[in-house]
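A.B. asks: Sending over a structure as structure tokens; questions will come in a sec.
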Amino acid sequence: MALKDLLHDSDYTVVFTGAGMSTESGLPDFRSTNGGLWNQLDPSEIASTKALNDHVDEFTAFYRERVLGVKEYEPHQGHFILADWEKQGLVQSIITQNVDGFHQEAGSKQIAELHGTLQKVRCQSCRKVYDSEAYIKQEYDCACGGLLRPSIVLFGETLPTEAFQIAQEEAEKAALFIVLGSSLSVTPANMFPQIAKQHGAKLVIVNLEATSLDAYADLVINEQKIGSVLKEANS
Ligand code: APR
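Numbering (the working numbering), first residue to last: 176 to 410.
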């Protein structure tokens, strides 16, 4: 059955996105064979609490680059199609691992950001939140003197409770669960497609490379880019 048919047959559809959702906006993903960030950098050395505490200059320089990326690039047509499907009642919610804020920018409303957002930074001491423009201006200190760090989940940190709970509820309610652009290699995020499947959802995986859950999916699309898949299902 084609994605378009599954979408129109479903009475509760949840979309789950990973970094592959934003590569067509110009942002690199993490594990693509060509160009994935973690093919050149070790995440435990640069995207972790260890890096924040022990190599703060490399940490702030790396995240300044990523903040520049999310401020410079923007949602592509696929993000806008998902927002439109929400308005039409075809999609009920989005669970995203992405921290670029592109689903919000494209107009989607029901979003659970499992890994936080690069659009904000917060103080390690007083937890005051600032726009991440501060990183672009290389302002790394809070008014209280504490260090500002991106409002994202670093390796070694736990996921935000509210987003996790919403994702759990949405995965359990889903009649159709559509994965867009994730290698499904990071826990606990990669639990949600499995929870959806265990609760009776049809599972669709749209990903250029194979994932460990492809065998459980009702439909796997891996020879087409997300933008093209969504455009086709939107016709
Ligand atoms: N269309 C379809 N698939 C794509 C596209 C595209 N245009 N571009 C990339 N992909 C696929 C790649 O083949 C890859 O398997 O998207 C997948 C992205 O996987 P990852 O790079 O592992 O990204 P993700 O699954 O989101 O990583 C999860 O890991 O480092 C952490 O916190 C980070 O949220 C991230 C988490």
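Just so you know, even glycine gets a beta-carbon here, dropped at the ideal spot from N, CA and C. None of the values given here were measured: they were computed from a predicted structure.
Checking the sheet assignment: what are the DSSP bridge partners for Pro325?
C.D. replies: Per DSSP, Val296.
A.B. asks: Can you list, in chain order, the residues of its chain with a C-beta nearer than 6 Å to that of Arg239? Leave out the 5 residues immediately preceding and following it.
C.D. replies: Answer for Arg239: Tyr310, listed in chain order.
A.B. asks: Once you ignore the five residues that flank Glu332 on each side, which residues in its own chain have a CB closer than 8 Å to its CB?
C.D. replies: So the list reads Thr224, once near-sequence residues are dropped.
A.B. asks: Can you name, in chain order, every residue of its own chain whose Cβ lies under 7 Å from the Cβ of Lys246, other than the five neighbours on each side?
C.D. replies: Taken in chain order, the residues that qualify are Ile311.
A.B. asks: Select from Gln373, Tyr391, Asn365 and Leu359 the residue whose C-alpha is nearest the C-alpha of Asn382.
C.D. replies: The shortest C-alpha separation from Asn382 is found at Leu359.
A.B. asks: Where Gln313 and Ile256 are concerned, what is the direct C-alpha to C-alpha distance, given to the nearest angstrom?
C.D. replies: Between Gln313 and Ile256, the C-alpha separation is close to 35 Å.
A.B. asks: Once you ignore the five residues that flank Glu220 on each side, which residues in its own chain have a CB closer than 7 Å to its CB?
C.D. replies: Excluding positions up to five away in sequence, the list reads Ala226.
A.B. asks: Taking the Cβ atom as the reference point for each residue, do Ala376 and Ala350 lie within a distance shorter than 8 Å?
C.D. replies: Result yes, Cβ atoms of Ala376 and Ala350 sit closer than 8 Å.
A.B. asks: Which value, in whole angstroms, describes the spacing of the CA atoms of Asp316 and Cys298?
C.D. replies: Taking the straight line from one Cα to the other gives about 8 Å.
A.B. asks: Looking at the structure shown, is Glu314 part of a helix, part of a strand, or coil, going by DSSP?
C.D. replies: Note: Glu314 maps to coil in three-state DSSP.
A.B. asks: Express the C-alpha separation of Arg241 and Gln340 in angstroms, rounding to a whole number.
C.D. replies: Going from the Cα of Gln340 to the Cα of Arg241 covers about 27 Å.
A.B. asks: Just how far apart, CA to CA, sit Lys284 and Glu347?
C.D. replies: About 19 Å.
A.B. asks: Assuming Val379 contacts Val354 under a Cβ cut-off of 8 Å, what Cβ separation, rounded to an integer in Å, is found between them?
C.D. replies: With a Cβ gap of about 7 Å, Val379 and Val354 count as contacting.
A.B. asks: Taking the alpha carbon of Gln263 as the reference point, which residue from Ala364, Asp186, Ala385 and Phe205 has its own alpha carbon closest?
C.D. replies: Cα-wise, what sits closest to Gln263 is Asp186.
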